[in-house]
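The structure appears below as structure tokens.
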Amino acid sequence: MAEKVVEVTTHMASGWKVTAQVREHLLVIDQPSATNEGANPLETFLFSLGGCISAIAKMVARERHIELRQFDVHVRAIMNSAGLLGQPSEDPVGFKHIALNASIDADLSEEQKREFLDTVCNRCPVHDNLLQPTLVTHRVND
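Numbering (the working numbering), first residue to last: 44 to 185.
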């Protein structure tokens, strides 16, 4: 298949709010201590992981003719905020651990559920980006 380009442009709004127009959707990121009009960037990041896992689960279930009655994902991450606050730390600036727990309601044994989730995670682009080094470049526009 051909490569697919995915793009998002963000705009700094008032206070701590950041917006992005993504297709016909207006996305908002904010801080609870500010106007709290949206999830913060880290929560949005975890939502992206859980959301992608859920979408791939639907895809895999359809391919395998599995009736997926419910699929809920709980994502929990641990981080040390020292780095993002400009303070010295031995920990990474980002998350040092992310745990993903899925509740699967389908006619599958526990072993089949584990295999299903493994397949889903292996096919999820967001999950893959967390596990594999991805080249990220940055520059200032002229």
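For each residue, glycine too, the CB sits at the ideal point set by N, CA and C.
All values reported here derive from a predicted model rather than from experimental measurement.
| query | result |
| --- | --- |
| Between the region 77-84 and the region 48-63, do three or more beta carbon pairs fall short of 8 Å? | yes |
| Check for me: the alpha helix (DSSP H) holding ASN165 runs from which residue to which? | 153-166 |
| DSSP on ARG119, reduced to helix/strand/coil? | strand |
| Using the Cα positions of LYS101 and LEU128, report the straight-line distance between them to the nearest angstrom. | 39 Å |
| Mind checking PHE193: buried by the 16 CB within 10 Å criterion, or exposed? | As displayed, the chain neither begins before 44 nor continues past 185, which places residue 193 out of reach and without an answer. |
| Can you tell me whether ASP73 is buried or exposed? The criterion is at least 16 other CB atoms within 10 Å of its CB, across all chains shown. | buried |
| Compare the beta carbon distance of CYS167 and ILE96 with 9 Å and say whether it is the shorter of the two. | yes |
| So LEU92 and VAL169 are in contact, right, with Cβ under 8 Å, and what is the actual spacing, rounded? | 5 Å |
| Measuring alpha carbon to alpha carbon, tell me which of LYS156, LYS47, ARG182 and LEU174 ends up nearest ARG107. | LYS156 |
| Count the other C-beta atoms from every protein chain shown that fall within 10 angstroms of the C-beta of VAL48, then say buried if there are 16 or more, exposed otherwise. | exposed |
| Can you tell me where the beta strand (DSSP E) with ILE141 in it begins and where it stops? | 138-148 |
| By DSSP, does LEU89 sit in helix, in strand, or in coil? | helix |
| State the beta-bridge partners of GLN74 as determined by DSSP. | According to DSSP, which records beta bridges pairwise, GLN74 is partnered with nothing at all. |
| Closest by CA to VAL103, which one among ARG182, VAL183 and CYS164? | CYS164 |
| Could you pull the start and end residues of the beta strand (DSSP E) that THR52 belongs to? | Per DSSP, THR52 belongs to no beta strand (DSSP E) and is neither H nor E. |
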